[in-house]
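Novice: These protein sequence lines are chains H and V, in that order. First residue of the first sequence? That's 43 in the numbering used here, and the numbers climb one at a time after it. First residue of the second sequence? That's 5 in the numbering used here, and the numbers climb one at a time after it. Positions of the beta carbon are idealized from the N, C-alpha and C atoms, including for glycine. The structure displayed is predicted, hence computed values, not measured ones. Below is a structure I'd like to ask you about.
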Amino acid sequence: MSQPSLIIRDLHVTVGEKAILKGVNLTVNPGEKHALMGPNGSGKSTLSNALMGHPNYNITHGEVLFQGQNLLEMAPDERARAGMFLAFQYPMVIPGVKVFQFLRNMLQARRGADVPVREFRKILKDKMQLLEMKEEFVKRYLNEGFSGGEKKRHEILQMALLEPSLAILDETDSGLDVDALRIVCEGINAVSAQQPDMGVLIITHYQRMLNYITPDFVHVLFEGRIVKSGDKNLALQIEAEGYDAIEREVLASV
Amino acid sequence: MTETLTTHWMQAFDATRLPQHSEPEWLLKLRKQAFEVYLDMPEPPPPQRGLRRIPSLKVDELSALQPMADTESVEALLNQRLQSWLQTGQAFGGQTIAHNGQTLQTQLKAELEAQGAIFCSLHEALVQHPEQVQKYLGSVYPAIAGRELALNLAYWQTGYFLYLPRQCKLSLPLYALQSLSGSGSLFQRSLVVLEAGAELTLVHDAWSAGQAAARVSDVLEIQLGDGAVLNQLNLQQWEKSVHCHSYSQAQLGRDARYHVLNLASGSLYHYLQTGTGLAQKGAEARLLGLFVASGEQHFRQQSLQNHLSPHTVSHLQYHGVMRDQAYSFYNGMIYVAEAAQQTESNQLSKNLLLSEKARADAIPNLEILADDVQSGHGAAIGAIDRDQLFYLMSRGFGQTEAEALITEGFMEEVLLQFPDARLHAPVQQLLAIQMLQDQLAEAESEG
Ligand SMILES: Nc1ncnc2c1ncn2[C@@H]1O[C@H](COP(=O)(O)OP(=O)(O)O)[C@@H](O)[C@H]1O
Ligand SMILES: [Mg+2]
Numbered sequence: 043m044s045q046p047s048l049i050i051r052d053l054h055v056t057v058g059e060k061a062i063l064k065g066v067n068l069t070v071n072p073g074e075k076h077a078l079m080g081p082n083g084s085g086k087s088t089l090s091n092a093l094m095g096h097p098n099y100n101i102t103h104g105e106v107l108f109q110g111q112n113l114l115e116m117a118p119d120e121r122a123r124a125g126m127f128l129a130f131q132y133p134m135v136i137p138g139v140k141v142f143q144f145l146r147n148m149l150q151a152r153r154g155a156d157v158p159v160r161e162f163r164k165i166l167k168d169k170m171q172l173l174e175m176k177e178e179f180v181k182r183y184l185n186e187g188f189s190g191g192e193k194k195r196h197e198i199l200q201m202a203l204l205e206p207s208l209a210i211l212d213e214t215d216s217g218l219d220v221d222a223l224r225i226v227c228e229g230i231n232a233v234s235a236q237q238p239d240m241g242v243l244i245i246t247h248y249q250r251m252l253n254y255i256t257p258d259f260v261h262v263l264f265e266g267r268i269v270k271s272g273d274k275n276l277a278l279q280i281e282a283e284g285y286d287a288i289e290r291e292v293l294a295s296v
Numbered sequence: 005m006t007e008t009l010t011t012h013w014m015q016a017f018d019a020t021r022l023p024q025h026s027e028p029e030w031l032l033k034l035r036k037q038a039f040e041v042y043l044d045m046p047e048p049p050p051p052q053r054g055l056r057r058i059p060s061l062k063v064d065e066l067s068a069l070q071p072m073a074d075t076e077s078v079e080a081l082l083n084q085r086l087q088s089w090l091q092t093g094q095a096f097g098g099q100t101i102a103h104n105g106q107t108l109q110t111q112l113k114a115e116l117e118a119q120g121a122i123f124c125s126l127h128e129a130l131v132q133h134p135e136q137v138q139k140y141l142g143s144v145y146p147a148i149a150g151r152e153l154a155l156n157l158a159y160w161q162t163g164y165f166l167y168l169p170r171q172c173k174l175s176l177p178l179y180a181l182q183s184l185s186g187s188g189s190l191f192q193r194s195l196v197v198l199e200a201g202a203e204l205t206l207v208h209d210a211w212s213a214g215q216a217a218a219r220v221s222d223v224l225e226i227q228l229g230d231g232a233v234l235n236q237l238n239l240q241q242w243e244k245s246v247h248c249h250s251y252s253q254a255q256l257g258r259d260a261r262y263h264v265l266n267l268a269s270g271s272l273y274h275y276l277q278t279g280t281g282l283a284q285k286g287a288e289a290r291l292l293g294l295f296v297a298s299g300e301q302h303f304r305q306q307s308l309q310n311h312l313s314p315h316t317v318s319h320l321q322y323h324g325v326m327r328d329q330a331y332s333f334y335n336g337m338i339y340v341a342e343a344a345q346q347t348e349s350n351q352l353s354k355n356l357l358l359s360e361k362a363r364a365d366a367i368p369n370l371e372i373l374a375d376d377v378q379s380g381h382g383a384a385i386g387a388i389d390r391d392q393l394f395y396l397m398s399r400g401f402g403q404t405e406a407e408a409l410i411t412e413g414f415m416e417e418v419l420l421q422f423p424d425a426r427l428h429a430p431v432q433q434l435l436a437i438q439m440l441q442d443q444l445a446e447a448e449s450e451g
């Protein structure tokens with residue numbers, strides 16, 4: 043079997059003086075879908091930002107291997123070009139930058155080669171159809187005035203274009219209404235069907251996204267540690283009993 | 005004191021300029037009076053502690069610009085500049101080109117001339133249209149408007165006169181290039197008059213053909229009749245050793261529209277005053293600015309949005325990109341008179357600091373005497389946002405590329421508000437070249 047997409051060993055992360063991740067362990071093999079669930083403030087976005095290399099997140103201990111390479115030595119853009127992708131919980135607005143140019147330059151950076159405009163238009167059209175997006179969308183400015191749903195679709199559009207080998211989706215379901223949730227999830231499924239080796243880490247607060255995307259594993263993050271792992275039934279249990287039950291269970295076992 | 009300075013001025017000025025143009029009596033009188041005003045006005049107080057100041061133009065430091073040594077090569081250079089616009093597909097309806105105070109070319113398409121449009125050097129206008137010039141010269145900026153303005157009115161050597169009769173709508177933009185090389189002082193003054201209902205896009209370009217270490221005073225007086233529309237691109241790309249003081253002010257008639265984009269990347273010192281007088285109902289102004297500075301460049305922008313009548317609108321948005329040790333200081337005023345009810349005005353100054361040593365300050369001011377108005381101001385000064393940078397890098401853009409993209413977007417935000425979209429592409433090109441040059445210079449100085 044090929045080597046794991048991602049290995050996280052005993053990862054400790056601080057923001058400023060504050061310790062947020064306190065020893066996270068996780069392995070994602072190619073093609074596996076992992077769901078990471080946890081209450082607000084448990085450190086889910088911290089994990090995704092740290093994995094993508096945000097400079098505000100300090101790795102104080104631990105190791106992360108991406109396809110066997112030491113991820114922590116790489117700049118965020120190197121991680122991206124190597125095939126890591128993060129769909130942001132809160133995508134940034136960048137005024138004056140047109141979506142079309144942004145997406146084309148992004149794809150060129152990933153491929154390390156020029157993508158002629160005609161070819162790019164064709165690729166873009168296919169991917170946008172996948173996500174039921176209108177063509178006019180790319181004439182707009184990066185996330186400027188986008189609705190919550192448009193932002194998230196745009197994140198997944200980027201994933202579809204970049205064809206990463208590991209995708210981290212940070213609360214892609216938040217801010218989506220029922221229809222948008224279905225379209226986005228179907229889009230994610232379509233991308234992973236085209237790329238059966240893509241590992242996916244779905245970060246979510248609720249289980250509703252997992253109605254569309256069946257995870258192979260479910261993990262619960264609580265106060266900076268993964269305290270419980272299981273299969274998709276764990277997500278259903280959380281849905282039924284809430285995080286409180288898990289918290290009590292965890293606290294009782296210590 | 006007055007006597008000796010006046011003598012000095014008269015001698016220097018007469019020696020260099022007057023032989024070429026015999027000026028009417030009223031103008032000589034106007035010049036002399038303006039000079040008296042200059043002498044009577046107190047020198048500005050010394051700068052407050054810690055504040056850097058742009059040196060003012062002083063009469064005893066002025067000297068004549070050398071005449072062109074080699075007219076042909078200068079003309080070739082200027083044509084290059086003109087061609088750089090034409091390459092981007094931008095055709096002009098006419099142009100005036102001047103170098104070191106000498107007008108080399110004036111051209112206006114015959115059909116525009118037939119409509120009664122005038123576009124020529126100010127000196128030529130004095131001969132051909134003396135009443136018009138007499139009516140408008142000093143009408144927006146009289147000598148008493150300021151010390152340096154008075155000096156300009158006394159000393160101006162060059163400039164253009166642009167006049168559109170009623171309802172004359174020019175589909176093609178007009179282009180005015182002022183250029184210089186060598187050292188000395190250049191005083192230019194131009195008049196733009198649009199009668200009621202006239203419409204125009206004007207490119208006012210300042211660019212040095214070759215090495216230049218000059219003092220420049222550039223004054224633009226603009227009169228817009230009722231319902232007239234002027235889109236003006238105000239470029240300042242002098243060599244980075246020039247001291248430049250630019251003033252432009254528009255008086256707007258009823259329902260007139262004035263849109264100006266100030267784009268400055270040249271000069272060591274650049275003082276820029278932009279004003280708009282909204283004394284008639286329904287007048288609207290949009291003042292835009294893009295300031296790109298590097299090295300030791302020091303820019304100062306002053307603005308006035310003068311609301312004197314009801315239902316007037318003004319928006320100001322200035323963005324600066326500061327590299328190296330560059331410094332930018334913005335000081336703006338929104339004035340809303342008691343009578344100017346139901347007006348809308350705002351003012352936004354932002355600076356992106358691309359190096360640790362780059363600095364910017366902003367002082368927006370509001371003075372609002374009317375009670376039923378919408379008004380706002382804001383300022384933002386800072387380095388590139390780390391989260392924006394991270395977002396782009398997480399998509400595979402290298403740091404330099406990501407920074408460039410954010411910076412371009414920052415400028416694009418202002419540029420796209422300029423209503424004549426035909427000028428967007430050429431300005432993007434100018435900016436791209438400027439950014440590249442500054443980046444290279446920065447890389448070089450870092451070794
Ligand atoms: N950039 C930051 N600055 C300060 N505190 C932060 C930052 N990012 C996260 N935190 C803190 O870290 C904790 C975990 O946050 P986060 O990772 O966003 O949680 P989640 O995504 O699970 O809701 C919270 O207490 C939050 O306040
Ligand atoms: Mg989060």
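1. For the region 162–182 of chain H and the region 134–147 of chain H, state whether three or more C-beta atom pairs, one from each stretch, are separated by less than 8 Å.
2. Measuring CB to CB, does Leu184 (chain V) end up less than 7 Å from Ala216 (chain V)?
3. Could you pull the start and end residues of the alpha helix (DSSP H) that Lys193 (chain H) belongs to?
4. CB Ile50 (chain H) to CB Leu128 (chain H), shorter than 7 Å?
5. According to DSSP, simplified to helix, strand and coil, what is Pro97 (chain H)?
6. Which of helix, strand or coil does DSSP assign to Trp160 (chain V)?
7. For a cutoff of 7 Å on Cβ pairs, would you count His96 (chain H) as touching chain V?
8. State the DSSP-derived secondary structure class of Ala202 (chain V), mapped to helix, strand or coil.
9. In terms of residue numbering, what span does the beta strand (DSSP E) encompassing Ser60 (chain V) cover?
10. If the cut-off is 7 Å on Cβ atoms, which residues from the region 64–97 of chain H count as contacting chain V, listed in chain order?
11. Could you please tell me which residues of the region 362–394 of chain V, in chain order, have their CB closer than 9 Å to any CB of chain H?
12. If I follow the unbroken beta strand (DSSP E) through Ile385 (chain V), where does it start and stop?
13. Can you check DSSP and say which residues form a bridge with Ser183 (chain V)?
14. The alpha helix (DSSP H) that contains Leu276 (chain H), what's its start and end?
15. Can you check whether the C-beta of Arg152 (chain H) is within less than 7 Å of a C-beta belonging to chain V?
16. Per DSSP, what kind of secondary structure is Asp259 (chain V) in: helix, strand or coil?
17. Skipping 5 residues on each side, what residues in its chain have a beta carbon closer than 7 Å to that of Thr10 (chain V)?
18. Rounded to whole angstroms, how far is the Cβ of Leu282 (chain V) from the Cβ of Asn310 (chain V), which I believe are closer than 8 Å?
19. Can you find a heavy atom of ligand 2 that lies under 6 Å from the Cβ of Lys194 (chain H)?
20. Let me confirm a value: Ser220 (chain H) is counted as buried when at least 16 other C-beta atoms fall within 10 Å, else exposed. Which label applies?
21. If I follow the unbroken beta strand (DSSP E) through His54 (chain H), where does it start and stop?
22. In chain order, what residues of the same chain lie with their CB nearer than 7 Å to the CB of Glu152 (chain V), ignoring the 5 residues before and after it?
23. Does the distance from the CB of Asp442 (chain V) to the CB of Ser332 (chain V) come in under 7 Å?
24. Starting from Glu360 (chain V), find everything on chain H with Cβ-Cβ shorter than 7 Å and list it in chain order.
25. Express the C-alpha separation of Glu128 (chain V) and Leu174 (chain V) in angstroms, rounding to a whole number.
26. Assign Asn82 (chain H) to buried or exposed, taking buried as 16 or more other Cβ atoms, counted over all protein chains shown, within 10 Å of its Cβ.
27. Is there a C-beta anywhere in chain H that falls below 7 Å from the one on Leu9 (chain V)?
28. If you reduce the DSSP assignment to three classes, tell me which class Thr6 (chain V) lands in.
29. Among the candidates V:Lys361, V:Gly380, V:Leu126, V:Leu141, whose CA atom is the shortest distance from the CA of Glu348 (chain V)?
30. Against Ile136 (chain H), what residues of chain V qualify as contacts under a CB-to-CB distance less than 8 Å, listed in chain order?
31. Within a Cβ cutoff of 6 Å, which residues of the same chain sit near Leu206 (chain V), ignoring the five residues on either side of it in sequence?
32. Which residues bound the beta strand (DSSP E) around Cys124 (chain V)?
33. Cβ of Val57 (chain H) within 6 Å of any heavy atom in ligand 1?
34. For Arg146 (chain H), does the count of other Cβ atoms within 10 angstroms reach 16, so buried, or fall short, so exposed?
35. Would you verify that the beta carbon of Phe401 (chain V) is, or is not, closer than 7 Å to some beta carbon of chain H?
Specialist: Looking at the atomic coordinates:
1. Touching, yes.
2. Along the second sequence, read from residue 1 onward, the residue named residue 184 (chain V) stands at position 180. Along the second sequence, read from residue 1 onward, the residue named residue 216 (chain V) stands at position 212. In contact: Leu184 (chain V) and Ala216 (chain V) (Cβ atoms closer than 7 Å).
3. Counting from 1 along the first sequence, the entry for residue 193 (chain H) is found at position 151. Lys193 (chain H) -> alpha helix (DSSP H) spans 190–204.
4. Taking the first residue of the first sequence as 1, we reach residue 50 (chain H) at position 8. Taking the first residue of the first sequence as 1, we reach residue 128 (chain H) at position 86. Not closer than 7 Å, so no.
5. Sequence index remark: in the first sequence, residue 97 (chain H) carries index 55 (1-based). The answer is coil: DSSP assigns Pro97 (chain H) none of H, G, I, E or B.
6. As a first step, residue 160 (chain V) must be located in the second sequence, where it is residue number 156. Looking at Trp160 (chain V) - three-state DSSP - the assignment turns out to be coil, as it is neither helix nor strand.
7. Here residue 96 (chain H) refers to the residue found at position 54 when the first sequence is read from its first residue. Yes, because at least one Cβ of chain V sits closer than 7 Å to the Cβ of His96 (chain H).
8. Mapped onto the second sequence, residue 202 (chain V) falls at position 198. In the structure shown, Ala202 (chain V) sits in coil (DSSP, three-state: anything other than H, G, I, E or B).
9. Here the question's residue 60 (chain V) lines up with position 56 in the second sequence. Here Ser60 (chain V) belongs to no beta strand (DSSP E), and DSSP marks it neither H nor E.
10. Look at the region 64–97 of chain H: the residues with a C-beta under 7 Å from a C-beta of chain V are Met94, His96, Pro97.
11. Correct list: Asp389, Arg390, Asp391, Gln392, Leu393, Phe394.
12. Numbered from 1 along the second sequence, position 381 holds the residue referred to as residue 385 (chain V). For Ile385 (chain V), the enclosing beta strand (DSSP E) starts and ends at 378–386.
13. To locate residue 183 (chain V), count along the second sequence from 1; it is residue 179. For Ser183 (chain V), which the question treats as bridged, DSSP gives the partners V:His103, V:Trp211.
14. The sequence position of residue 276 (chain H) within the first sequence is 234, counting from 1. Membership of Leu276 (chain H) in the alpha helix (DSSP H) is indicated by the continuous run 274–295.
15. Translated into positions along the first sequence, residue 152 (chain H) becomes position 110. So yes, Arg152 (chain H) belongs to the interface.
16. The residue given as residue 259 (chain V) occupies position 255 in the second sequence. Here Asp259 (chain V) sits in coil by DSSP.
17. Along the second sequence, read from residue 1 onward, the residue named residue 10 (chain V) stands at position 6. Reliability of the predicted coordinates at Thr10 (chain V) is poor, the pLDDT of 48 falling under 50, and the value obtained from them is presented with this limitation in mind. Closer than 7 Å at the Cβ level, and outside the excluded window around Thr10 (chain V), lie Phe39.
18. Taking the first residue of the second sequence as 1, we reach residue 282 (chain V) at position 278. Taking the first residue of the second sequence as 1, we reach residue 310 (chain V) at position 306. Yes, they are in contact, since the Cβ atoms of Leu282 (chain V) and Asn310 (chain V) sit about 6 Å apart, within 8 Å.
19. If you number the first sequence from 1, residue 194 (chain H) lands on position 152. Answer for Lys194 (chain H): no, Cβ out of range of ligand 2.
20. Indexing the first sequence from 1 puts residue 220 (chain H) at position 178. Per the sequence shown, residue 220 (chain H) should be read as Val rather than Ser. Val220 (chain H) is exposed by the Cβ-count criterion.
21. As a first step, residue 54 (chain H) is located in the first sequence; it is residue number 12 there, counting from the start. Taken as a continuous stretch (DSSP letters only), the beta strand (DSSP E) holding His54 (chain H) covers 48–57.
22. Along the second sequence, one-based indexing puts residue 152 (chain V) at 148. If the five residues before and after Glu152 (chain V) are omitted, its C-beta is found closer than 7 Å to the C-beta atoms of Ser60, Leu61, Ser221, His249, all from its own chain and listed in chain order.
23. For the purposes of this step, residue 442 (chain V) is taken as residue 438 along the second sequence, with counting starting at 1. For the purposes of this step, residue 332 (chain V) is taken as residue 328 along the second sequence, with counting starting at 1. Not in contact: Asp442 (chain V) and Ser332 (chain V) (Cβ atoms no closer than 7 Å).
24. On the second sequence, position 356 is the one that residue 360 (chain V) refers to. Within chain H, no residue comes near Glu360 (chain V); the closest Cβ sits about 16 Å away, beyond 7 Å.
25. Taking the second sequence and counting its residues from 1, one reaches residue 174 (chain V) at position 170. Taking the second sequence and counting its residues from 1, one reaches residue 128 (chain V) at position 124. The straight-line gap from Cα to Cα measures roughly 22 Å.
26. In the first sequence, residue 82 (chain H) corresponds to position 40, counting from 1. With fewer than 16 other Cβ atoms within 10 Å, it is exposed.
27. Start at 1 with the first residue of the second sequence, and residue 9 (chain V) comes out as number 5. At Leu9 (chain V), the pLDDT of 43 sits below 50, so the modelled position is not reliable; the number obtained from the coordinates is stated separately. Using a Cβ-Cβ cut-off of 7 Å, Leu9 (chain V) does not count as an interface residue toward chain H, since no Cβ of chain H sits closer than that to its own.
28. Indexing the second sequence from 1 puts residue 6 (chain V) at position 2. Per-residue confidence for Thr6 (chain V) stands at a pLDDT of 38, beneath the threshold of 50, marking its modelled position as unreliable; no derived number is given.
29. Residue mapping note: residue 348 (chain V) aligns to position 344 of the second sequence, counting from 1. Looking from the CA of Glu348 (chain V), the closest CA among V:Lys361, V:Gly380, V:Leu126, V:Leu141 belongs to V:Gly380.
30. Here residue 136 (chain H) refers to the residue found at position 94 when the first sequence is read from its first residue. Within 8 Å of the CB of Ile136 (chain H), the CB atoms of chain V belong to Gln392, Tyr395, Leu396, Leu409, Ile410, Gly413, in sequence order along the chain.
31. The residue labelled residue 206 (chain V) in the question sits at position 202 within the second sequence. Excluding residues within five positions, the ones whose Cβ falls inside 6 Å are Leu178, Gln236.
32. For the purposes of this step, residue 124 (chain V) is identified with residue 120 of the second sequence, where counting begins at 1. Membership of Cys124 (chain V) in the beta strand (DSSP E) is indicated by the continuous run 122–125.
33. Within the first sequence, residue 57 (chain H) is the residue found at index 15, counting from 1. Result yes, Cβ under 6 Å from ligand 1.
34. By 1-based counting over the first sequence, the position of residue 146 (chain H) is 104. Per the 10 Å Cβ criterion, buried.
35. By 1-based counting over the second sequence, the position of residue 401 (chain V) is 397. Yes - at least one Cβ of chain H is within 7 Å of the one on Phe401 (chain V).
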